[in-house]
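K.L.:
Shown below is the structure under consideration.
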Amino acid sequence: MTIDDENSIYVGNLPYEATEATIRAAFDIYGQIIAVK
Numbered sequence: 070m071t072i073d074d075e076n077s078i079y080v081g082n083l084p085y086e087a088t089e090a091t092i093r094a095a096f097d098i099y100g101q102i103i104a105v106k
């Protein structure tokens, strides 16, 4: 297991229209987001 594996999550079933901004807005309440891929 790498550091990235320990600090990453996979979120599936997002709508095609989801943008980086909407994803950040939804998850920002849980902590700092470094990157959205």
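My numbering numbers the first residue of the sequence shown as 70 and each following residue consecutively. From the three backbone atoms N, C-alpha and C, an ideal C-beta is built for every residue, glycine too.
Would you give the residue range spanned by the alpha helix (DSSP H) that ALA94 belongs to?
P.N.:
Start and end: 89-96.
K.L.:
Could you check which residue in GLY81, LEU83, GLU89 has the C-alpha nearest to that of ALA104?
P.N.:
Taking only the C-alpha atoms, the option nearest ALA104 is GLU89.
K.L.:
Look at the alpha carbon of THR91 and the alpha carbon of TYR85, and state the distance between them as a whole number of angstroms.
P.N.:
Roughly 12 Å between the two C-alpha positions.
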